[in-house]
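To get this note's numbering, take the position in the sequence shown, counting from 1, and add 1. All C-beta atoms in this analysis are idealised placements derived from N, C-alpha and C, irrespective of residue type, glycine included. Everything below concerns the one structure shown next.
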Amino acid sequence: MITLLPPSSSPQEQALADAIDYGINPRVIRGFKFTPTDSVLPWLIWEYGLGEILAWVPDPRRAIQDGVRFQRIRGTPASLRMALKWMNIENIYIEEEPPGKHFAEFQVGIHDVPNDFFVDNVVALAKLSAPTRSRLMRMYNDRYDIRRFMLDQSDWGSLLSDYSGVRLTPDGPVLSFGRFNPFEATSSLPILKFAANRQHHNNALSDDLYRLDFAILNETDPHTRNHNAIYVRDHIWQNPDPLSLFTPDFEPPLHLAKALIVLSDSWRLGEINACFPVTTQTEVGATFILSQDQLSDHVWHFLY
């Protein structure tokens with residue numbers, strides 16, 4: 002008989018070991034946890050520490066089967082996906098924050114707008130699955146998800162320092178959900194009318210600067226005025242009210258935005274349209290070559 006007593010054991014110790022040896026074959030208990038009886042299930046759940054998942058997995062046999070795998074991956078995004086499947090919640094996004102001050106926070110994105118029961122279960126399962134230092138910071142869907150502005154990464158329209166959403170409880174996550182409500186309007190006798198709007202837009206900068214590319218030494222006046230303006234001309238043809246009974250024909254009104262006149266800092270008072278005269282521009286002279294030409298002999302400018 003196999004014994005654990007050392008060779009130096011006394012006869013009394015050997016007699017005591019024989020008295021308490023019930024002769025149980027250890028092969029009998031090998032593998033009994035794989036096919037346990039109903040009376041053993043509560044003890045296995047207590048041994049594995051799976052009592053906290055019984056609220057979502059009431060079947061003890063499934064709780065043991067899924068709970069053992071859940072405990073092995075607990076604290077990872079895979080454990081949260083596995084836990085959400087217990088509530089038939091799939092097709093979610095788990096977004097972890099980049100390295101920084103809020104590195105331990107994460108977000109959960111879904112497709113539809115959830116109800117209160119859904120939100121409460123996701124928060125509870127997130128606390129069950131996430132590491133101790135991590136927390137669920139925000140939940141959102143695709144229809145209302147505005148991110149915080151990050152230099153060199155964000156587009157215009159992002160928030161300056163936070164995400165979209167509201168916090169319903171002080172220790173709960175931020176919720177950011179949007180709904181799409183389609184509707185249909187029917188009419189027995191629809192009347193369709195056409196409206197048109199055509200617009201031509203031209204703009205020109207105020208050319209009052211001293212430019213080296215065409216200025217002539219001792220001839221071109223230095224820069225003395227800075228109008229700092231853009232002159233815009235718009236031609237708009239439109240039908241103002243296509244549903245009105247008083248405009249049966251297409252009306253082409255012409256709108257002209259004229260230039261601005263600034264006293265003592267612009268042209269002489271007179272016709273406003275003189276700001277847009279018809280001019281021609283002709284180049285006079287040849288290309289200046291440093292190795293051949295001289296500044297005193299070279300003349301190159303524009304004639305207007």
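For S80, the enclosing alpha helix (DSSP H) begins and ends at P78 to K86.
Taking the Cα of P59 as reference, the smallest distance to any Cα among R144, N182 and L42 is reached at L42. With fewer than 16 other Cβ atoms from the protein chains shown falling within 10 Å of its own Cβ, A20 counts as exposed.
Shortest Cα-Cα distance from E96 to any of I90, N89 and F104 involves F104.
One thing to note: N142 has its Cβ within 8 Å of the Cβ of F178.
A check of alpha carbon separations from F181 across H112, F71, L55 and N92 identifies H112 as the nearest. In the three-state DSSP reduction, L17 falls in the helix class (H, G or I). Relative to the Cα of P115, the nearest Cα in the group M83, L55, L176 and S40 belongs to L176. Around the beta-carbon of D172, fewer than 16 other beta-carbon atoms lie within 10 Å, marking it exposed. For R144 and M83, the gap between their C-alpha atoms comes out near 25 Å.
The alpha carbon of D22 has as its nearest neighbour, out of A186, L6, S11 and R31, the alpha carbon of L6.
When the Cα atoms are used, A287 and D298 turn out to be separated by approximately 11 Å. For I111, the uninterrupted beta strand (DSSP E) run begins and ends at E106 to I111, by DSSP. Where Y49 is concerned, the enclosing alpha helix (DSSP H) starts and stops at L42 to Y49.
Shown here, I65 sits in a helix according to DSSP, grouped into three states. According to DSSP, M140 shares a beta bridge with V109 and L176.
Take W87, set aside five residues on each side of it, and the residues of its chain with a beta-carbon closer than 6 Å to its own are W57 and V58, in chain order. For the set Q72, I147, R139 and L190, the Cα lying nearest the Cα of E106 is the one of R139. A direct Cα-Cα distance of roughly 7 Å separates D163 from R148. Pairing Y49 with G32 gives a Cβ-Cβ distance that is not under 8 Å.
Less than 8 Å divides the Cβ of S130 from the Cβ of L81. Exposed is the label assigned to Q282, since fewer than 16 other Cβ atoms lie within 10 Å of its Cβ.
Around R134, the same chain offers A105 as residues with beta carbons nearer than 8 Å, after the five sequence neighbours per side are excluded. Your pair L126 and P174 does not check out as a contact, with CB atoms roughly 12 Å apart and the cut at 8 Å. Within the DSSP bridge table, the entry for R168 names V175 as partners. Taking a C-beta distance under 8 Å as the contact criterion, L51 and I65 qualify as a contact pair.
In this structure, P132 lies near G76, with their beta-carbon atoms less than 8 Å apart.
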